[in-house]
Amino acid sequence: MAAGPRVSVATRIGRWVIVAGFAVLLAFPFYWMGITTFKRTGDLYSIQNDPFVFNQPPTLDHLRYLFEETLFLRWLWNTTLAGAAVVAITLVLAVPAAWALARLTGAWGQRLGIGIFLTYLIPPTLLFIPMSRVVSFLGLQDTL
109 MAAGPRVSVA
119 TRIGRWVIVA
129 GFAVLLAFPF
139 YWMGITTFKR
149 TGDLYSIQND
159 PFVFNQPPTL
169 DHLRYLFEET
179 LFLRWLWNTT
189 LAGAAVVAIT
199 LVLAVPAAWA
209 LARLTGAWGQ
219 RLGIGIFLTY
229 LIPPTLLFIP
239 MSRVVSFLGL
249 QDTL
């Protein structure tokens, strides 16, 4: 059995330093979200305080406000329900369509495949305004 090329210790250390740097960089938003969740309001807004540490004792006031004073749980449920409905509808429609397209051969299959590919070239942001007008016209805006 042939072994791969030997990698020097310095190369391995360099790779781990790069990986650790990216891990810290990518973990920072989660750290920031966690620390600002438990900071007091005065601690968040004070320019003299260090924003990366707790300058005052942590509090649960912001979480209490989120769950008691807003409709966050309802919003979370609505988002979950809408997401699950989109996934279910997509699977019900896309799986049979994909199976039919995979079985379709010849010139028609190639033309249809190219047509579907070309529709993906339209940026979704261009479709947002007309789609929002359709949703509003159908009376579906701000409803499940």
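109 is the number of the first residue of the sequence shown in this note's numbering; add one for each residue after it.
A virtual CB, placed ideally from N, CA and C, is assigned to each residue, including glycine.
Could you check what DSSP says for residue i in three-state terms: helix, strand or coil?
i    : result
T178 : coil
R114 : coil
P231 : coil
G129 : helix
I155 : coil
L168 : coil
L201 : helix
T213 : coil
R219 : helix
R148 : coil
F236 : helix
Is it the case that the Cβ atoms of residue i and residue j are separated by a distance below 7 Å?
i    : j    : result
F180 : L174 : yes
T167 : R148 : yes
I think residue i touches residue j, with their Cβ atoms under 8 Å apart; what is that distance to the nearest whole Å?
i    : j    : result
L252 : N186 : 6 Å
L220 : L212 : 7 Å
On the CB-based measure, 16 or more other CB atoms within 10 Å of its CB, does residue i come out buried or exposed?
i    : result
D250 : exposed
D151 : buried
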